Amino acid sequence: AVATQCGRWGQGRAEPYLVPPRADEAYFSAGQKLASSSHLVEDAMEEIVRQRPQDLLLPARVCFIGEDGVDAGGLKKEFFQLLLGELFTGSYGMVKYFPETRMQWFNSLSYGTDEQEWLVVGILFGLAVYNGVLLDVRLPQVAYKKLLGKPVGLNDLQDFQPELLKSFHQLLEYSDADATVEDIFCLDFSVTDEFLGEAVTHELKPGGQDIPVTEANRREYVNLYVEWILNKRIEESFHAFRNGFLLLCGPVLKLFRAPELEHLVCGTQELDFNSLEAGAAYEGYTQASQQVRWFWEVAHSLPIESKRLLLRFVTGSDRSPIGGLGKLQMKIQRAGPDSIRLPTSYTCFNAILLPEYTSRAKLRDRLETAINVAEQGFGLE
1 AVATQCGRWG QGRAEPYLVP PRADEAYFSA GQKLASSSHL VEDAMEEIVR QRPQDLLLPA
61 RVCFIGEDGV DAGGLKKEFF QLLLGELFTG SYGMVKYFPE TRMQWFNSLS YGTDEQEWLV
121 VGILFGLAVY NGVLLDVRLP QVAYKKLLGK PVGLNDLQDF QPELLKSFHQ LLEYSDADAT
181 VEDIFCLDFS VTDEFLGEAV THELKPGGQD IPVTEANRRE YVNLYVEWIL NKRIEESFHA
241 FRNGFLLLCG PVLKLFRAPE LEHLVCGTQE LDFNSLEAGA AYEGYTQASQ QVRWFWEVAH
301 SLPIESKRLL LRFVTGSDRS PIGGLGKLQM KIQRAGPDSI RLPTSYTCFN AILLPEYTSR
361 AKLRDRLETA INVAEQGFGL E
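Put into C-alpha coordinates, the structure is as follows:
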(Lines of atoms letter the chains of each structure in order from A and count residues from 1; the text may use other names and numbers.)
(Lines give C-alpha, C1' and ligand atoms only; values in the text may rest on other atoms or scores of the structure.)
Protein backbone atom coordinates (compact mmCIF):
# COMPACT_ATOMS: atom_id res chain seq x y z
CA ALA A 1 0.00 0.00 0.00
CA VAL A 2 1.16 3.52 -0.75
CA ALA A 3 1.96 5.59 2.30
CA THR A 4 -0.05 8.81 2.19
CA GLN A 5 -1.18 11.55 4.54
CA CYS A 6 -4.78 10.47 4.26
CA GLY A 7 -5.24 10.34 8.01
CA ARG A 8 -6.72 13.85 7.98
CA TRP A 9 -9.54 12.70 5.73
CA GLY A 10 -12.57 10.99 7.19
CA GLN A 11 -15.63 9.15 6.02
CA GLY A 12 -19.02 9.15 7.65
CA ARG A 13 -21.31 6.20 7.40
CA ALA A 14 -23.87 8.11 5.39
CA GLU A 15 -22.01 11.06 3.89
CA PRO A 16 -18.29 11.65 3.35
CA TYR A 17 -16.59 14.62 4.94
CA LEU A 18 -13.23 16.31 5.06
CA VAL A 19 -11.35 16.72 8.33
CA PRO A 20 -10.50 20.46 8.48
CA PRO A 21 -6.75 21.14 8.24
CA ARG A 22 -4.85 22.82 11.03
CA ALA A 23 -4.29 26.55 10.67
CA ASP A 24 -0.50 26.16 10.82
CA GLU A 25 -0.31 23.75 7.88
CA ALA A 26 1.23 25.06 4.67
CA TYR A 27 -0.40 24.58 1.29
CA PHE A 28 0.56 25.05 -2.30
CA SER A 29 -1.17 27.70 -4.39
CA ALA A 30 -4.90 27.20 -4.57
CA GLY A 31 -5.97 25.01 -7.44
CA GLN A 32 -2.42 23.83 -8.20
CA LYS A 33 -1.21 20.25 -7.91
CA LEU A 34 2.49 19.41 -7.93
CA ALA A 35 3.90 15.97 -8.67
CA SER A 36 7.13 14.31 -9.67
CA SER A 37 6.62 12.21 -12.79
CA SER A 38 8.93 9.55 -11.31
CA HIS A 39 6.86 9.18 -8.11
CA LEU A 40 3.53 10.16 -9.54
CA VAL A 41 1.13 8.08 -7.46
CA GLU A 42 2.72 8.85 -4.10
CA ASP A 43 3.18 12.56 -4.83
CA ALA A 44 -0.30 12.99 -6.28
CA MET A 45 -2.02 11.28 -3.36
CA GLU A 46 -0.07 13.30 -0.81
CA GLU A 47 -0.68 16.55 -2.69
CA ILE A 48 -4.42 15.99 -2.99
CA VAL A 49 -4.89 15.37 0.72
CA ARG A 50 -2.82 18.48 1.54
CA GLN A 51 -5.38 20.69 -0.15
CA ARG A 52 -8.05 22.54 1.75
CA PRO A 53 -11.50 21.21 0.84
CA GLN A 54 -12.54 24.43 -0.88
CA ASP A 55 -9.40 24.40 -3.02
CA LEU A 56 -10.36 21.09 -4.60
CA LEU A 57 -13.29 22.89 -6.21
CA LEU A 58 -11.02 25.39 -8.00
CA PRO A 59 -9.81 24.82 -11.57
CA ALA A 60 -6.77 22.58 -11.27
CA ARG A 61 -3.35 23.43 -12.68
CA VAL A 62 -0.65 20.77 -12.77
CA CYS A 63 3.11 21.19 -12.48
CA PHE A 64 5.55 18.30 -12.81
CA ILE A 65 8.49 18.96 -10.51
CA GLY A 66 11.73 19.50 -12.43
CA GLU A 67 9.98 19.80 -15.79
CA ASP A 68 9.22 22.91 -17.81
CA GLY A 69 5.76 23.64 -19.02
CA VAL A 70 2.80 25.86 -18.24
CA ASP A 71 -0.46 24.03 -17.78
CA ALA A 72 -2.79 25.25 -20.50
CA GLY A 73 -4.79 22.04 -20.21
CA GLY A 74 -2.33 19.55 -21.66
CA LEU A 75 -0.40 18.89 -18.44
CA LYS A 76 -3.64 18.46 -16.53
CA LYS A 77 -4.83 15.87 -19.03
CA GLU A 78 -1.45 14.12 -18.95
CA PHE A 79 -1.58 14.06 -15.14
CA PHE A 80 -4.88 12.18 -15.08
CA GLN A 81 -3.85 9.86 -17.92
CA LEU A 82 -0.60 8.86 -16.25
CA LEU A 83 -2.01 8.61 -12.75
CA LEU A 84 -5.13 6.58 -13.51
CA GLY A 85 -3.12 4.49 -15.95
CA GLU A 86 -0.66 3.59 -13.20
CA LEU A 87 -3.36 2.92 -10.61
CA PHE A 88 -5.65 0.92 -12.88
CA THR A 89 -3.14 -0.96 -15.03
CA GLY A 90 0.03 -0.87 -12.96
CA SER A 91 1.12 -2.87 -9.94
CA TYR A 92 -1.37 -1.37 -7.48
CA GLY A 93 -3.99 -4.08 -7.92
CA MET A 94 -6.93 -1.70 -7.70
CA VAL A 95 -8.94 -3.24 -10.51
CA LYS A 96 -9.34 -6.57 -12.24
CA TYR A 97 -9.23 -6.58 -16.03
CA PHE A 98 -11.56 -8.75 -18.15
CA PRO A 99 -9.92 -9.26 -21.57
CA GLU A 100 -13.06 -10.63 -23.22
CA THR A 101 -14.94 -7.36 -22.66
CA ARG A 102 -11.94 -5.05 -22.07
CA MET A 103 -13.64 -3.90 -18.90
CA GLN A 104 -12.27 -3.23 -15.43
CA TRP A 105 -13.87 -3.99 -12.08
CA PHE A 106 -12.94 -3.11 -8.54
CA ASN A 107 -10.79 -5.35 -6.40
CA SER A 108 -11.43 -5.87 -2.72
CA LEU A 109 -9.16 -4.35 -0.08
CA SER A 110 -7.47 -7.72 0.36
CA TYR A 111 -5.48 -7.00 -2.81
CA GLY A 112 -3.06 -4.69 -1.03
CA THR A 113 -4.93 -1.39 -1.21
CA ASP A 114 -6.61 0.44 1.64
CA GLU A 115 -9.72 2.55 2.07
CA GLN A 116 -7.80 5.83 2.06
CA GLU A 117 -6.29 5.06 -1.33
CA TRP A 118 -9.72 4.29 -2.74
CA LEU A 119 -11.01 7.52 -1.21
CA VAL A 120 -8.34 9.47 -3.09
CA VAL A 121 -9.10 7.61 -6.33
CA GLY A 122 -12.73 8.66 -5.96
CA ILE A 123 -11.57 12.24 -5.45
CA LEU A 124 -9.45 11.95 -8.61
CA PHE A 125 -12.53 10.90 -10.58
CA GLY A 126 -14.40 13.87 -9.15
CA LEU A 127 -11.53 16.24 -9.94
CA ALA A 128 -11.46 15.02 -13.54
CA VAL A 129 -15.19 15.62 -13.94
CA TYR A 130 -14.92 19.01 -12.26
CA ASN A 131 -12.09 20.01 -14.61
CA GLY A 132 -13.60 18.63 -17.80
CA VAL A 133 -11.02 15.87 -18.32
CA LEU A 134 -12.26 12.61 -19.84
CA LEU A 135 -10.86 9.52 -18.15
CA ASP A 136 -9.68 6.53 -20.14
CA VAL A 137 -11.26 3.98 -17.82
CA ARG A 138 -13.34 0.94 -18.74
CA LEU A 139 -15.84 0.58 -15.93
CA PRO A 140 -19.15 -1.14 -16.76
CA GLN A 141 -22.33 0.86 -16.42
CA VAL A 142 -23.19 -0.94 -13.18
CA ALA A 143 -20.37 1.05 -11.52
CA TYR A 144 -22.21 4.27 -12.32
CA LYS A 145 -25.48 2.81 -11.06
CA LYS A 146 -23.71 2.08 -7.78
CA LEU A 147 -22.29 5.62 -7.64
CA LEU A 148 -25.86 6.89 -7.95
CA GLY A 149 -27.03 4.55 -5.20
CA LYS A 150 -29.27 2.55 -7.56
CA PRO A 151 -30.00 -1.15 -6.98
CA VAL A 152 -28.01 -3.61 -9.09
CA GLY A 153 -28.64 -7.21 -10.06
CA LEU A 154 -28.06 -10.18 -12.34
CA ASN A 155 -28.34 -8.49 -15.73
CA ASP A 156 -25.76 -5.87 -14.75
CA LEU A 157 -23.10 -8.52 -15.37
CA GLN A 158 -23.71 -8.24 -19.12
CA ASP A 159 -21.22 -5.41 -19.65
CA PHE A 160 -18.19 -7.08 -18.12
CA GLN A 161 -18.89 -10.78 -17.46
CA PRO A 162 -21.35 -11.88 -20.18
CA GLU A 163 -20.16 -15.50 -20.11
CA LEU A 164 -20.84 -15.73 -16.39
CA LEU A 165 -24.28 -14.22 -16.96
CA LYS A 166 -24.90 -16.82 -19.65
CA SER A 167 -23.87 -19.58 -17.24
CA PHE A 168 -26.26 -18.29 -14.60
CA HIS A 169 -29.14 -18.29 -17.09
CA GLN A 170 -28.26 -21.84 -18.13
CA LEU A 171 -28.36 -22.91 -14.50
CA LEU A 172 -31.68 -21.17 -13.85
CA GLU A 173 -33.33 -22.50 -17.01
CA TYR A 174 -32.00 -26.06 -16.89
CA SER A 175 -34.67 -28.71 -17.07
CA ASP A 176 -34.05 -32.38 -17.78
CA ALA A 177 -35.90 -35.33 -16.34
CA ASP A 178 -32.90 -37.61 -16.80
CA ALA A 179 -30.31 -35.59 -14.84
CA THR A 180 -30.55 -33.30 -11.84
CA VAL A 181 -28.99 -29.88 -11.34
CA GLU A 182 -26.59 -31.46 -8.84
CA ASP A 183 -25.44 -34.06 -11.35
CA ILE A 184 -24.89 -31.64 -14.25
CA PHE A 185 -23.49 -28.52 -12.56
CA CYS A 186 -21.79 -29.95 -9.44
CA LEU A 187 -21.95 -26.65 -7.55
CA ASP A 188 -22.09 -25.66 -3.91
CA PHE A 189 -22.65 -22.35 -2.13
CA SER A 190 -19.05 -21.19 -2.41
CA VAL A 191 -16.95 -19.32 -4.95
CA THR A 192 -13.24 -19.43 -5.66
CA ASP A 193 -11.22 -16.26 -6.05
CA GLU A 194 -7.55 -15.75 -6.84
CA PHE A 195 -5.29 -13.82 -4.47
CA LEU A 196 -1.53 -13.49 -4.98
CA GLY A 197 -1.62 -16.42 -7.37
CA GLU A 198 -3.45 -18.73 -4.97
CA ALA A 199 -7.05 -19.90 -4.98
CA VAL A 200 -9.14 -18.62 -2.08
CA THR A 201 -12.59 -20.01 -1.30
CA HIS A 202 -15.40 -17.76 -0.10
CA GLU A 203 -18.67 -19.18 1.23
CA LEU A 204 -21.81 -17.46 0.00
CA LYS A 205 -23.62 -18.48 3.18
CA PRO A 206 -22.52 -20.20 6.41
CA GLY A 207 -21.48 -23.77 5.65
CA GLY A 208 -21.80 -23.08 1.93
CA GLN A 209 -19.15 -25.56 0.87
CA ASP A 210 -21.32 -28.34 2.23
CA ILE A 211 -24.57 -27.14 0.63
CA PRO A 212 -25.12 -28.42 -2.93
CA VAL A 213 -26.91 -26.25 -5.49
CA THR A 214 -30.20 -27.90 -6.40
CA GLU A 215 -33.22 -27.07 -8.51
CA ALA A 216 -34.92 -25.81 -5.36
CA ASN A 217 -32.17 -23.42 -4.23
CA ARG A 218 -30.48 -22.43 -7.50
CA ARG A 219 -32.17 -19.01 -7.58
CA GLU A 220 -30.82 -18.29 -4.10
CA TYR A 221 -27.34 -19.38 -5.25
CA VAL A 222 -27.39 -17.03 -8.25
CA ASN A 223 -28.67 -14.12 -6.16
CA LEU A 224 -25.97 -14.62 -3.52
CA TYR A 225 -23.24 -15.01 -6.15
CA VAL A 226 -24.28 -11.81 -7.94
CA GLU A 227 -24.54 -9.96 -4.65
CA TRP A 228 -21.01 -11.11 -3.81
CA ILE A 229 -19.57 -9.93 -7.15
CA LEU A 230 -21.34 -6.57 -7.36
CA ASN A 231 -21.54 -5.60 -3.70
CA LYS A 232 -20.09 -7.65 -0.86
CA ARG A 233 -16.70 -8.51 -2.38
CA ILE A 234 -15.94 -4.84 -3.08
CA GLU A 235 -17.99 -3.27 -0.30
CA GLU A 236 -15.17 -1.46 1.51
CA SER A 237 -13.21 -0.39 -1.56
CA PHE A 238 -16.26 0.87 -3.46
CA HIS A 239 -17.67 2.62 -0.39
CA ALA A 240 -14.43 4.59 -0.05
CA PHE A 241 -14.30 5.29 -3.81
CA ARG A 242 -17.89 6.52 -3.84
CA ASN A 243 -17.31 8.75 -0.83
CA GLY A 244 -14.32 10.34 -2.54
CA PHE A 245 -16.35 10.97 -5.69
CA LEU A 246 -19.25 12.42 -3.70
CA LEU A 247 -16.94 14.92 -2.02
CA LEU A 248 -16.76 16.83 -5.28
CA CYS A 249 -19.73 15.69 -7.34
CA GLY A 250 -22.33 14.72 -4.75
CA PRO A 251 -24.69 17.71 -5.17
CA VAL A 252 -25.15 17.17 -8.91
CA LEU A 253 -25.51 13.38 -9.02
CA LYS A 254 -29.26 13.52 -8.58
CA LEU A 255 -29.44 15.21 -12.00
CA PHE A 256 -28.00 12.20 -13.83
CA ARG A 257 -28.91 8.69 -14.85
CA ALA A 258 -26.18 6.04 -15.05
CA PRO A 259 -25.55 6.38 -18.83
CA GLU A 260 -25.31 10.16 -18.50
CA LEU A 261 -22.87 9.90 -15.61
CA GLU A 262 -20.75 7.48 -17.63
CA HIS A 263 -20.68 9.99 -20.50
CA LEU A 264 -19.61 12.72 -18.10
CA VAL A 265 -16.71 10.65 -16.75
CA CYS A 266 -15.38 8.99 -19.90
CA GLY A 267 -17.35 10.29 -22.89
CA THR A 268 -19.69 8.58 -25.34
CA GLN A 269 -19.07 5.72 -27.76
CA GLU A 270 -20.59 7.58 -30.71
CA LEU A 271 -17.82 8.76 -33.05
CA ASP A 272 -18.55 11.49 -35.60
CA PHE A 273 -15.32 11.88 -37.57
CA ASN A 274 -16.90 14.65 -39.67
CA SER A 275 -17.05 16.75 -36.50
CA LEU A 276 -13.49 15.72 -35.63
CA GLU A 277 -12.29 16.93 -39.04
CA ALA A 278 -14.31 20.15 -38.87
CA GLY A 279 -12.73 21.09 -35.54
CA ALA A 280 -9.15 20.13 -36.47
CA ALA A 281 -6.18 22.51 -36.57
CA TYR A 282 -2.93 22.23 -38.49
CA GLU A 283 0.73 23.08 -37.94
CA GLY A 284 3.21 22.81 -40.80
CA TYR A 285 0.31 21.69 -42.96
CA THR A 286 -2.87 23.38 -44.11
CA GLN A 287 -6.33 21.98 -44.63
CA ALA A 288 -5.51 21.80 -48.35
CA SER A 289 -2.22 19.88 -47.93
CA GLN A 290 -2.16 16.58 -49.80
CA GLN A 291 -1.09 14.66 -46.67
CA VAL A 292 -4.00 16.17 -44.72
CA ARG A 293 -6.49 15.17 -47.41
CA TRP A 294 -5.05 11.66 -47.48
CA PHE A 295 -5.18 11.45 -43.70
CA TRP A 296 -8.88 12.28 -43.54
CA GLU A 297 -9.71 9.96 -46.45
CA VAL A 298 -7.99 7.13 -44.59
CA ALA A 299 -9.52 8.06 -41.22
CA HIS A 300 -13.07 8.15 -42.60
CA SER A 301 -12.59 4.79 -44.35
CA LEU A 302 -11.43 2.92 -41.24
CA PRO A 303 -13.76 0.37 -39.61
CA ILE A 304 -15.22 1.48 -36.29
CA GLU A 305 -12.74 -0.42 -34.11
CA SER A 306 -9.80 1.10 -35.98
CA LYS A 307 -11.38 4.53 -35.60
CA ARG A 308 -11.43 3.93 -31.86
CA LEU A 309 -7.75 2.93 -31.96
CA LEU A 310 -6.91 6.08 -33.91
CA LEU A 311 -8.82 8.27 -31.48
CA ARG A 312 -7.10 6.61 -28.51
CA PHE A 313 -3.71 7.03 -30.23
CA VAL A 314 -4.23 10.77 -30.71
CA THR A 315 -6.25 11.75 -27.63
CA GLY A 316 -5.68 9.01 -25.06
CA SER A 317 -9.35 8.02 -25.09
CA ASP A 318 -11.47 6.13 -27.60
CA ARG A 319 -14.61 8.02 -26.67
CA SER A 320 -16.20 11.30 -27.63
CA PRO A 321 -16.57 14.13 -25.10
CA ILE A 322 -19.93 15.67 -24.38
CA GLY A 323 -20.53 18.05 -27.26
CA GLY A 324 -18.89 15.80 -29.85
CA LEU A 325 -15.46 15.10 -31.29
CA GLY A 326 -15.17 18.64 -32.62
CA LYS A 327 -14.64 19.81 -29.05
CA LEU A 328 -11.29 17.99 -28.98
CA GLN A 329 -9.68 20.41 -31.49
CA MET A 330 -7.36 17.72 -32.77
CA LYS A 331 -4.11 18.96 -34.36
CA ILE A 332 -2.26 17.45 -37.33
CA GLN A 333 1.37 18.56 -37.22
CA ARG A 334 4.02 18.08 -39.90
CA ALA A 335 6.84 15.83 -38.65
CA GLY A 336 9.51 16.29 -41.30
CA PRO A 337 9.86 15.00 -44.87
CA ASP A 338 8.81 11.62 -46.18
CA SER A 339 10.31 8.70 -44.27
CA ILE A 340 9.56 5.19 -43.07
CA ARG A 341 8.94 6.47 -39.53
CA LEU A 342 5.57 5.90 -37.95
CA PRO A 343 3.35 8.81 -36.94
CA THR A 344 3.62 9.76 -33.27
CA SER A 345 1.26 11.62 -30.98
CA TYR A 346 1.01 13.94 -28.01
CA THR A 347 -2.17 12.77 -26.33
CA CYS A 348 -2.09 15.57 -23.78
CA PHE A 349 -2.52 18.03 -26.68
CA ASN A 350 -4.68 15.84 -28.97
CA ALA A 351 -1.95 16.10 -31.61
CA ILE A 352 -0.69 13.67 -34.24
CA LEU A 353 2.75 14.22 -35.79
CA LEU A 354 2.58 13.12 -39.40
CA PRO A 355 5.61 12.86 -41.73
CA GLU A 356 5.11 14.16 -45.27
CA TYR A 357 4.39 10.76 -46.80
CA THR A 358 4.47 10.67 -50.60
CA SER A 359 1.48 8.38 -51.15
CA ARG A 360 -1.91 7.64 -49.65
CA ALA A 361 -1.08 3.94 -49.44
CA LYS A 362 2.08 4.62 -47.46
CA LEU A 363 0.26 6.97 -45.11
CA ARG A 364 -2.42 4.36 -44.48
CA ASP A 365 0.14 1.61 -43.85
CA ARG A 366 2.20 3.72 -41.45
CA LEU A 367 -0.89 5.03 -39.62
CA GLU A 368 -2.50 1.61 -39.17
CA THR A 369 0.79 0.17 -37.96
CA ALA A 370 1.20 3.00 -35.46
CA ILE A 371 -2.25 2.70 -33.92
CA ASN A 372 -2.04 -1.09 -33.65
CA VAL A 373 1.44 -1.07 -32.12
CA ALA A 374 0.31 1.59 -29.64
CA GLU A 375 -2.67 -0.56 -28.63
CA GLN A 376 -0.29 -3.40 -27.81
CA GLY A 377 1.44 -1.14 -25.33
CA PHE A 378 4.69 -0.28 -27.08
CA GLY A 379 6.03 3.27 -26.88
CA LEU A 380 6.34 5.27 -30.06
CA GLU A 381 8.50 8.10 -28.75
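Sequential numbering of the sequence shown, starting at 1, is according to UniProt numbering.
C-beta atoms are modelled at their ideal positions from N, C-alpha and C, and glycine is treated no differently.
Since the structure is predicted, the reported quantities are computational estimates derived from the model, not experimental observations.
Check whether the Cβ atoms of residue i and residue j sit closer than 8 Å, and answer yes or no.
i, j, result
"LEU342", "ARG366", "yes"
"ARG308", "GLY267", "no"
"VAL314", "ILE340", "no"
"GLU356", "GLY336", "yes"
"TRP105", "VAL120", "no"
"GLN81", "GLY244", "no"
"VAL226", "LEU172", "no"
"LYS166", "ASN131", "no"
"GLN161", "PHE98", "yes"
"GLU86", "CYS348", "no"
"LEU230", "VAL142", "yes"
"LEU253", "LEU148", "yes"
"ILE371", "SER306", "yes"
"LEU271", "LEU325", "yes"
"GLU265", "VAL49", "For clarity, residue 265 is Val in the given sequence; the question names Glu instead. Contact: no."
If distances are taken between C-alpha atoms only, which option among the options comes closest to residue i?
i, options, result
"GLU100", "ARG138, GLY85, LYS77, GLN170", "ARG138"
"ALA216", "LEU83, TYR174, GLN333, LEU164", "TYR174"
"PHE125", "LYS254, GLN269, PHE241", "PHE241"
"ARG360", "PRO321, CYS348, ASP338, ASN350", "ASP338"
"ARG102", "GLU115, PHE88, SER108", "PHE88"
"LEU83", "GLU42, HIS239, VAL292", "GLU42"
"LEU363", "TRP296, ILE234, LYS331, LEU311", "TRP296"
"LYS205", "ILE184, LYS232, PRO303", "LYS232"
"TRP294", "GLY93, GLY326, ILE332", "ILE332"
"TRP118", "ALA374, MET45, PHE185, ASP178", "MET45"
"PHE185", "VAL213, ALA199, ARG334", "VAL213"
"GLU194", "ASP55, ASN107, ASP176, ASP114", "ASN107"
"GLY93", "ILE234, ASP176, LEU224", "ILE234"
"PHE168", "ALA299, GLU220, GLU236, GLU203", "GLU220"
"GLU236", "MET330, ALA177, ASP176, ASP114", "ASP114"
Can you tell me whether DSSP reads residue i as helix, strand or coil?
i, result
"ASP24", "A caution first: ASP24 carries a pLDDT of 34, below 50, which makes its placement in the model too unreliable to give a value."
"MET45", "helix"
"SER320", "strand"
"GLU356", "coil"
"ASP365", "helix"
"ALA199", "strand"
"LEU193", "One detail in the question is off: residue 193 reads as Asp in this sequence, not Leu. Here ASP193 sits in strand by DSSP."
"PHE106", "strand"
"PRO251", "helix"
"GLU100", "coil"
"ILE340", "coil"
"ASP188", "strand"
"GLU227", "helix"
"ARG218", "helix"
"THR268", "strand"
"SER298", "It is worth fixing the name first, because residue 298 is Val in this sequence and not Ser. Residue state, collapsed to three classes: helix."
"GLN333", "strand"
"TYR144", "helix"
"ALA288", "coil"
"VAL95", "strand"
"ALA128", "helix"
"ALA240", "helix"
"ALA177", "coil"
"ALA280", "coil"
Is the beta carbon of residue i within less than 7 Å of some heavy atom of the ligand ATP?
i, result
"THR192", "In terms of ligand content, the structure shown is empty, and the ligand ATP therefore cannot be addressed."
Is it buried or exposed, residue i, if we count other Cβ atoms within 10 angstroms and call 16 or more buried?
i, result
"TYR144", "buried"
"HIS263", "buried"
"ASN274", "exposed"
"THR180", "exposed"
"ASP136", "buried"
"SER301", "exposed"
"ARG218", "buried"
"PRO140", "buried"
"GLY122", "buried"
"GLN116", "buried"
"residue 387", "Past the edges of the chain, shown from 1 to 381, lies residue 387, and the structure says nothing about it."
"GLN269", "exposed"
"PRO321", "buried"
"ALA374", "buried"
"ALA299", "buried"
Taking only beta-carbon positions, decide if residue i is within less than 8 Å of chain B.
i, result
"ARG138", "Of the protein chains in this structure there is only one, and it is not chain B."
Notebook entry, point to check: Is the stretch 185–203 touching the stretch 253–261, taking contact as three or more C-beta pairs under 8 Å?
Noted result: With a cut-off of 8 Å, the stretch 253–261 and the stretch 185–203 do not count as touching, because too few Cβ pairs lie within range.
Check: Should the stretch 271–280 be regarded as contacting the stretch 143–161, the criterion being three or more beta carbon pairs within less than 8 Å?
Finding: With the cut-off at 8 Å, the stretch 271–280 and the stretch 143–161 do not touch.
Note to self: Below 8 Å, how does it come out for the stretch 246–255 and the stretch 285–305: are there three or more Cβ pairs, yes or no?
What the structure shows: Short answer: they don't touch.
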